[in-house]
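**Q** Encoded as structure tokens, here's the structure I'll be asking about.
Residue numbers (our numbering): 10 to 213.
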């Protein structure tokens, strides 16, 4: 098996990062509680909300990424894959090099690799991901082409737009990661709310 995995909002969770950032910019009340997607909808209703949200993304995915959390169960999933010599893991992400309106010009791809390093994934132990197996693509179309070129047998992503794209290869088994049940059910996709369920589905 060759298992491809998205990065943002699939491996890494930014909910608290975005919430803290919005509070520090006084965009929401100090007692606000909500997911990243709920916060996004709230911010977009503000004057120039789309531009504000893009600025927040540049900050969250760049200089504040080290405050982001790993989704529970992901390390255990990787360790289970490591235990099977017939499985290889790839990370394939649609990620620009720099964030929108980021005056500090933090390289988002370098920041993501550093986060993976700090989580211990590039060390030669369990859980392990080969650093050479991490790919960041400029467009969604290039991401799908990378999935094809790597000959992935499985792919895990939080975006319906990727997995249900007409460009997505039919022979790849698709897993929609939706921990908060935030999208309507797609007839062609099975949703998974946590990494334990994905692990059970692949290894059962």
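Even for Gly, the Cβ is constructed at its ideal location relative to N, Cα and C.
Taking the runs of the alpha helix (DSSP H) that are 4 residues or longer, which of them lie wholly in the segment 75-145?
**A** Those alpha helix (DSSP H) runs which fall completely within the segment 75-145 and span 4+ residues are 83-91 and 117-127.
**Q** Using the C-alpha atoms, what's the distance from residue 22 back to residue 185?
**A** Taking the chain shown and counting its residues from 1, one reaches residue 185 at position 176. Taking the chain shown and counting its residues from 1, one reaches residue 22 at position 13. Pairing residue 185 with residue 22, the inter-Cα distance amounts to about 15 Å.
**Q** If you compare alpha carbons, which of 178, 10, 49 and 199 is closest to residue 93?
**A** Taking the first residue of the chain shown as 1, we reach residue 93 at position 84. Measuring from the Cα of residue 93, the nearest candidate turns out to be 10.
**Q** Alpha helix (DSSP H) containing residue 29: first to last residue?
**A** In the chain shown, counting from the first residue as 1, residue 29 sits at position 20. Where residue 29 is concerned, the enclosing alpha helix (DSSP H) stretches over 24-33.
**Q** Can you list, in chain order, the residues of its chain with a C-beta nearer than 6 Å to that of residue 142? Leave out the 5 residues immediately preceding and following it.
**A** By 1-based counting over the chain shown, the position of residue 142 is 133. Only 99 meet the Cβ criterion.
**Q** For the alpha helix (DSSP H) that residue 16 lies in, which residues bound it at each end?
**A** To locate residue 16, count along the chain shown from 1; it is residue 7. No alpha helix (DSSP H) contains residue 16, which DSSP labels as neither H nor E.
**Q** Are three or more beta carbon pairs between the segment 104-120 and the segment 63-80 nearer than 8 Å?
**A** yes
**Q** Considering only the beta carbon of each residue, do residue 173 and residue 202 sit closer than 8 Å?
**A** Translated into positions along the chain shown, residue 173 becomes position 164. Translated into positions along the chain shown, residue 202 becomes position 193. The answer is no: Cβ separation not under 8 Å.
**Q** Helix, strand or coil for residue 165? Go by DSSP, reduced to three states.
**A** As a working note, residue 165 is residue 156 in the chain shown. Strand at residue 165.
**Q** So what's residue 172 in DSSP terms, helix, strand or just coil?
**A** The residue labelled residue 172 in the question sits at position 163 within the chain shown. In this structure, residue 172 counts as helix in the three-state DSSP scheme.
**Q** Could you have a look at residue 55 and say whether DSSP puts it in helix, strand or coil?
**A** Your numbering for residue 55 matches position 46 in the chain shown. Here residue 55 sits in coil by DSSP.
**Q** Over what stretch of residues does the beta strand (DSSP E) that includes residue 183 continue unbroken?
**A** Within the chain shown, the letter at position 174 stands for residue 183. For residue 183, the enclosing beta strand (DSSP E) stretches over residues 182-186.
**Q** Residue 212 lies in the alpha helix (DSSP H); which residues open and close that run?
**A** Indexing the chain shown from 1 puts residue 212 at position 203. For residue 212, the enclosing alpha helix (DSSP H) starts and ends at 204-212.
**Q** Using the DSSP secondary-structure output, state which residues sit across from residue 201 in a beta bridge.
**A** Here residue 201 refers to the residue found at position 192 when the chain shown is read from its first residue. Partner(s): 186.
**Q** Is any heavy atom of the ligand ZN found at a distance shorter than 7 Å from the C-beta of residue 137?
**A** Among the components modelled here there is no ligand, and therefore nothing to report on the ligand ZN.
**Q** Can you tell me whether residue 21 is helix, strand or coil according to DSSP?
**A** As a first step, residue 21 is located in the chain shown; it is residue number 12 there, counting from the start. It is a strand residue.
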